[in-house]
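**Q** Protein chains in written order, with this note's numbering: chain H, 25 to 500; chain F, 2 to 280.
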Amino acid sequence: MTISSTEPTVAALREALSARIASGMRFAGVFAARRDGSLTLSAHVAVAGEIETLEAGLPPGAGSYPALTPEIDAAFWYERVIHDETGLIPQGHPRIAPLIAPGSPAEHALHRHVTGYGMFTIPHGPVRSGVLESMEYLVETPGEAIPHLNMRIFYKHRGIASRFTDASVSDGVLLAERTEGIASVAHTLAYCHAVEAIVDCEIPQEAALLRVVHAELERIANHLDVAMRLADAAGLAVATARFALHKERVMRLVSELCGNRFGRGVVVPGGVSAFPRKSPEWILAEIGPIQKQISVDAEALMGTSSFLDRLRGTGPLTCDRAREHGALGPIGKASGYTDDARLARPYDAYPQLNVEPVGQHSGGDAMTRLRVRFDEAARAFRFIRMALAELPERERLTPRMPCSPLDGRATGWAEAPQGEVLYDLTIDGGRIAHCQPRSASFHNLVLMHEVFAGDILTDFPFIEASFGLSVAGAAL
Amino acid sequence: MSIWVLRGLRNGIVTTRWPKRPDEYADSWRGPVTVVPSPAASANSGGGTTRAHVALGLADVEAVCPTGAIEISDKPHVDTLTVDQGRCILCGRCVAARPDLFAWSRGATGPGAAALARQALVVPEHPETDEAIAAARVELAARTAALRRSVHIRHVDAGSDGSEEWEIQALLGPVYDVHRLGVFFTASPRHADVLMVTGAGTAGMTGPLRTTYDGMPDPKVVIAVGTDAISGGLLSSRFNGVAGVVPVDVWVPGSPPSPFAILNALLIATRRLVTGARR
Numbered sequence: 025m026t027i028s029s030t031e032p033t034v035a036a037l038r039e040a041l042s043a044r045i046a047s048g049m050r051f052a053g054v055f056a057a058r059r060d061g062s063l064t065l066s067a068h069v070a071v072a073g074e075i076e077t078l079e080a081g082l083p084p085g086a087g088s089y090p091a092l093t094p095e096i097d098a099a100f101w102y103e104r105v106i107h108d109e110t111g112l113i114p115q116g117h118p119r120i121a122p123l124i125a126p127g128s129p130a131e132h133a134l135h136r137h138v139t140g141y142g143m144f145t146i147p148h149g150p151v152r153s154g155v156l157e158s159m160e161y162l163v164e165t166p167g168e169a170i171p172h173l174n175m176r177i178f179y180k181h182r183g184i185a186s187r188f189t190d191a192s193v194s195d196g197v198l199l200a201e202r203t204e205g206i207a208s209v210a211h212t213l214a215y216c217h218a219v220e221a222i223v224d225c226e227i228p229q230e231a232a233l234l235r236v237v238h239a240e241l242e243r244i245a246n247h248l249d250v251a252m253r254l255a256d257a258a259g260l261a262v263a264t265a266r267f268a269l270h271k272e273r274v275m276r277l278v279s280e281l282c283g284n285r286f287g288r289g290v291v292v293p294g295g296v297s298a299f300p301r302k303s304p305e306w307i308l309a310e311i312g313p314i315q316k317q318i319s320v321d322a323e324a325l326m327g328t329s330s331f332l333d334r335l336r337g338t339g340p341l342t343c344d345r346a347r348e349h350g351a352l353g354p355i356g357k358a359s360g361y362t363d364d365a366r367l368a369r370p371y372d373a374y375p376q377l378n379v380e381p382v383g384q385h386s387g388g389d390a391m392t393r394l395r396v397r398f399d400e401a402a403r404a405f406r407f408i409r410m411a412l413a414e415l416p417e418r419e420r421l422t423p424r425m426p427c428s429p430l431d432g433r434a435t436g437w438a439e440a441p442q443g444e445v446l447y448d449l450t451i452d453g454g455r456i457a458h459c460q461p462r463s464a465s466f467h468n469l470v471l472m473h474e475v476f477a478g479d480i481l482t483d484f485p486f487i488e489a490s491f492g493l494s495v496a497g498a499a500l
Numbered sequence: 002m003s004i005w006v007l008r009g010l011r012n013g014i015v016t017t018r019w020p021k022r023p024d025e026y027a028d029s030w031r032g033p034v035t036v037v038p039s040p041a042a043s044a045n046s047g048g049g050t051t052r053a054h055v056a057l058g059l060a061d062v063e064a065v066c067p068t069g070a071i072e073i074s075d076k077p078h079v080d081t082l083t084v085d086q087g088r089c090i091l092c093g094r095c096v097a098a099r100p101d102l103f104a105w106s107r108g109a110t111g112p113g114a115a116a117l118a119r120q121a122l123v124v125p126e127h128p129e130t131d132e133a134i135a136a137a138r139v140e141l142a143a144r145t146a147a148l149r150r151s152v153h154i155r156h157v158d159a160g161s162d163g164s165e166e167w168e169i170q171a172l173l174g175p176v177y178d179v180h181r182l183g184v185f186f187t188a189s190p191r192h193a194d195v196l197m198v199t200g201a202g203t204a205g206m207t208g209p210l211r212t213t214y215d216g217m218p219d220p221k222v223v224i225a226v227g228t229d230a231i232s233g234g235l236l237s238s239r240f241n242g243v244a245g246v247v248p249v250d251v252w253v254p255g256s257p258p259s260p261f262a263i264l265n266a267l268l269i270a271t272r273r274l275v276t277g278a279r280r
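1. Please confirm if the stretch 485-497 of chain H is in contact with the stretch 204-222 of chain H, defined as three or more CB-CB distances below 8 Å between the two stretches.
2. Under the DSSP definition of a beta bridge, which residues are partnered with MET197 of chain F?
3. In the DSSP assignment, find the beta strand (DSSP E) that holds SER62 of chain H and state where it starts and stops.
4. Of the residues F:ALA98, F:PRO248, F:PRO220 and F:PRO38, which one's Cα is nearest the Cα of ASP62 of chain F?
5. Please name the residue or residues paired with TYR89 of chain H in a DSSP beta bridge.
6. Spell out the partners DSSP gives GLU444 of chain H in its beta bridges.
7. Counting only C-beta atoms, is ASN12 of chain F closer than 9 Å to chain H at any point?
8. Compare the beta carbon distance of ILE106 of chain H and ALA56 of chain H with 9 Å and say whether it is the shorter of the two.
9. For the beta strand (DSSP E) that contains HIS467 of chain H, what are its first and last residues?
10. Please go through the same chain and pick out, in chain order, the residues whose beta-carbon is closer than 6 Å to the beta-carbon of LEU469 of chain H, but skip the five residues on each side of it.
11. Determine which residues of the stretch 164-187 of chain H have a Cβ less than 8 Å from any Cβ of chain F, and write them out in chain order.
12. Just to confirm before moving on: does the CB-CB distance between ARG455 of chain H and PRO429 of chain H stay below 9 Å?
13. Does CYS89 of chain F have its Cβ less than 9 Å from a Cβ in chain H?
14. So HIS511 of chain H and GLY287 of chain H are supposed to be a Cβ contact under 8 Å. How far apart are they, rounded?
15. Do ALA114 of chain F and ASN265 of chain F come within 9 Å of each other at the CB atom, strictly closer than that value?
16. Which residues in the same chain as VAL382 of chain H place their Cβ atom closer than 7 Å to its Cβ, once the five residues preceding and following it in sequence are excluded?
17. State the start and end residues of the unbroken alpha helix (DSSP H) segment that holds HIS349 of chain H.
18. Identify the continuous beta strand (DSSP E) that holds VAL197 of chain H and give its terminal residues.
19. When the cut-off is 9 Å and only beta carbons count, does PHE466 of chain H lie next to chain F?
20. Evaluate contact between the stretch 158-175 of chain F and the stretch 245-260 of chain F, counting only Cβ atoms and requiring at least three cross-stretch pairs below 8 Å.
21. Hey, could you find the ends of the beta strand (DSSP E) LEU415 of chain H is sitting in?
22. Considering only the alpha carbon of each residue, which of F:GLY69, F:ILE231, F:CYS89 and F:VAL36 lies closest to ASP101 of chain F?
23. Reducing DSSP to helix, strand and coil, say where ASP101 of chain F ends up.
24. Report the neighbours of GLU166 of chain F on chain H: residues whose CB is nearer than 8 Å to its CB, in chain order.
25. Considering just the uninterrupted stretch of the alpha helix (DSSP H) at PRO354 of chain H, what are its terminal residues?
26. Is ASP108 of chain H close to chain F? Criterion is C-beta to C-beta, closer than 9 Å.
27. I'd like to check one pair, ASN246 of chain H with HIS473 of chain H: are the Cβ atoms closer than 9 Å?
28. Which chain H residues are close to ASP289 of chain F, counting only those with a beta carbon under 8 Å from its beta carbon?
29. Could you confirm whether any beta carbon from chain F is found closer than 9 Å to the beta carbon of ASN284 of chain H?
30. Taking C-alpha atoms, which residue in H:HIS148, H:VAL292, H:PHE188 and H:MET143 lies nearest to PRO171 of chain H?
31. Against chain F, with Cβ distances strictly below 9 Å, would GLU204 of chain H count as a contact?
32. Can you find the residues in the same chain that come closer than 8 Å, C-beta to C-beta, to SER463 of chain H, ignoring five residues on each side of it along the sequence?
33. Among residues of its own chain, excluding the 5 on either side of ILE318 of chain H, which ones have a beta-carbon nearer than 6 Å to its beta-carbon?
34. Where does GLN86 of chain F fall in DSSP's three states?
35. Tell me which residues share the same chain as TYR361 of chain H and place their Cβ nearer than 6 Å to its Cβ, disregarding the 5 neighbours each side in the sequence.
36. Going by DSSP, what residue range makes up the beta strand (DSSP E) through PRO147 of chain H?
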């Protein structure tokens with residue numbers, strides 16, 4: 025499923041990438057890896073139906089290369105990670121400060137973006153107030169407004185991408201589950217799609233449908249979590265409790281189906297590990313009341329004016345920026361930019377399930393992002409019902425096809441609740457030679473820099489919650 | 002705002018009655034793997050089981066586990082086959098490969114679901130472990146005598162995958178509702194009695210975690226939540242969990258542990274649950 029092309033130099037790679045982006049393709053990431061002894065840059069672009077990978081090798085002993093960021097703004101964080109992991113200097117990069125490496129104090133000397141009388145920086149984190157993942161925000165403020173903020177995500181860097189190297193293909197599934205723990209299903213889907221592409225394995229119809237069921241249940245849980253956090257930020261205790269209740273019921277439902285509240289252990293190369301422990305009729309009977317109550321509570325929440333006042337106009341991401349950056353998932357959709365992998369590059373059973381896409385939104389603010397999420401959750405229920413209805417009636421159902429690893433390389437993808445997840449996987453000698461996950465959280469988190477337009481400190485939790493990203497997925 | 006009052010009453014009481022009354026979800030929870038007791042228990046090993054590992058074909062069993070939780074020891078009169086639940090990520094490979102040897106533990110609560118000493122997570126337990134547990138329990142009880150009625154928790158993420166935070170956050174929801182037990186979460190370490198740590202213990206969080214712990218006044222209790230925090234889980238080749246940074250009092254295995262398991266550990270830590278003879 026990957027078309028790969030090799031450019032002779034990084035400069036040529038940059039030209040080729042810019043040309044593709046100018047023609048409408050979306051930049052989806054650039055990574056450095058040591059392949060066959062030399063450092064290679066691999067860049068991904070998304071086009072309808074495919075993820076294309078362009079490569080360029082660096083000359084041996086090269087300590088730098090011409091940076092992509094000046095022409096491709098979305099490469100900004102990716103190149104900082106390349107620098108952290110390989111020491112390569114992207115020449116012309118506007119800010120080569122460590123992102124996932126701790127760095128020295130000098131490297132982290134606060135680079136003031138905004139100067140003026142009374143400006144100071146609030147370091148918020150990495151230990152946060154509340155049960156939150158560790159991350160530090162450096163909020164430059166004159167006291168209430170936030171003209172600029174910086175982020176430090178290195179605290180949680182686990183180096184999970186390199187942990188894939190030399191692991192067995194089946195251990196890779198376990199690692200993918202824990203790369204971004206709240207999107208385990210989507211990550212294992214993307215990983216398994218890569219494996220299945222390399223092996224050229226077609227999964228059984230029933231497995232494809234069950235993968236959709238679990239992926240959409242995960243989506244619902246994530247969007248309910250965002251709604252809960254937003255209600256909590258607004259101090260709406262009952263709404264917070266209601267969405268926490270719905271999320272708990274969804275997670276208990278998932279654990280009844282597969283023994284794990286996050287859907288882990290379900291998706292494996294070749295299909296699914298086993299059939300759900302409950303019948304489709306049971307599932308349908310359970311999700312009916314849950315869906316109904318979510319929709320009533322969502323309607324109530326979107327009709328609570330004191331709540332909407334906090335979200336309307338808060339954290340706006342312009343449509344131009346969303347398109348230029350290739351903003352993924354609900355963040356992109358809320359700003360009018362959609363490239364949903366389930367529609368543009370369909371996989372598993374999505375091609376045969378006709379659920380109309382979420383309507384166009386363009387508000388770009390936290391309120392629109394929540395609206396998009398509620399719409400996606402409603403769609404998710406439709407996907408689940410449709411998938412269960414399509415389950416074949418025949419006697420002998422196969423959960424998985426044999427999928428013995430062959431050598432090769434492919435990029436797999438899936439649409440996580442946060443947006444598109446990519447896995448660039450290389451198998452050699454039956455084991456993983458290299459695996460680079462690209463979570464939507466990493467791609468989107470950098471946009472936090474740009475959404476504080478006249479917002480104040482008390483808007484901060486709304487903006488963060490409306491993004492709905494995972495720091496584990498961003499810091500890897 | 003009246004609409005929310007009505008919405009709040011919509012489902013009646015959804016809160017679990019646990020620990021006052023048993024909870025079916027908690028009791029049916031599938032916990033970390035344990036060793037199936039051998040039918041031929043040996044009289045010499047004081048309650049444990051011994052096997053001739055050659056006869057049972059255990060040669061490849063250790064390799065089944067991706068985190069190295071399964072160990073086969075060669076010492077005589079000692080449990081030959083052990084599972085370190087502090088390394089178990091509940092992938093289920095061992096149970097699928099050898100259901101005669103391995104089984105899921107049942108129940109998210111009770112003394113078996115959390116441990117007061119690291120070695121108590123290695124099952125079947127060695128008799129010598131009991132002394133360590135007893136000592137730990139006595140010390141912990143003395144320390145937490147004042148925490149029976151009101152406890153404040155400070156959570157720190159030391160490099161988790163994000164799922165443990167969801168399970169801890171669930172405690173604040175209406176289903177688990179820790180407020181009814183006098184348990185609260187606080188942002189300030191100065192106000193905290195309990196430190197809940199998740200994640201494998203990344204280098205970046207070593208300093209902030211230690212600073213948070215040092216900022217908490219005595220008496221304080223540390224709970225390591227999840228297999229990553231106990232042993233590093235799948236990342237144990239580079240991270241060892243959090244015990245090297247803060248002194249852990251209660252260990253909760255799971256990947257992630259369920260909210261019931263975390264609540265259970267919390268009540269054990271604050272001595273509100275009888276811990277029982279086994280641990």
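We put the beta carbon where it would ideally sit given N, CA and C, even for glycine. From a predicted model like this one, the values you see are computed outputs, not experimental measurements.
**A** Put simply:
1. yes
2. F:HIS156 and F:ILE224
3. 62-71
4. First, the residue type needs correcting, since residue 62 of chain F is Val and not Asp in the sequence shown. Residue F:ALA98 is the option with its Cα nearest to VAL62 of chain F.
5. H:PRO114
6. Paired residues: H:GLU439.
7. yes
8. Contact: yes.
9. First-last for HIS467 of chain H: 464-469, but that is the alpha helix (DSSP H), not the beta strand (DSSP E).
10. LEU493 and ALA498
11. PHE178, TYR179, LYS180, HIS181, ARG182, GLY183, ILE184 and ARG187
12. yes
13. no
14. Lying before the first or after the last residue shown, residue 511 of chain H is absent from chain H, which here runs from 25 to 500.
15. Yes, the pair counts as a contact, with Cβ atoms nearer than the cut-off.
16. LYS357, VAL396, ASP399, GLU400 and ARG403
17. 343-349
18. Taken as a continuous stretch (DSSP letters only), VAL197 of chain H belongs to no beta strand (DSSP E), being part of the alpha helix (DSSP H) at 193-203.
19. Answer no: the Cβ-Cβ gap between PHE466 of chain H and chain F never drops below 9 Å.
20. yes
21. No beta strand (DSSP E) holds LEU415 of chain H; DSSP gives it neither H nor E.
22. F:VAL36
23. coil
24. VAL155, LEU156 and GLU157
25. 353-358
26. no
27. no
28. Residue numbering for chain F in the displayed model covers 2 to 280; residue 289 of chain F lies beyond these limits and cannot be assessed.
29. yes
30. H:MET143
31. yes
32. THR203, GLU204, ALA207, HIS211, ALA440, GLN442, VAL445, SER494, GLY497, ALA498 and LEU500
33. The answer, listed in chain order, is HIS270.
34. If DSSP states are grouped into helix, strand and coil, GLN86 of chain F belongs with coil.
35. ALA346, ARG347 and ALA351
36. Note, PRO147 of chain H: beta strand (DSSP E), 144-148.
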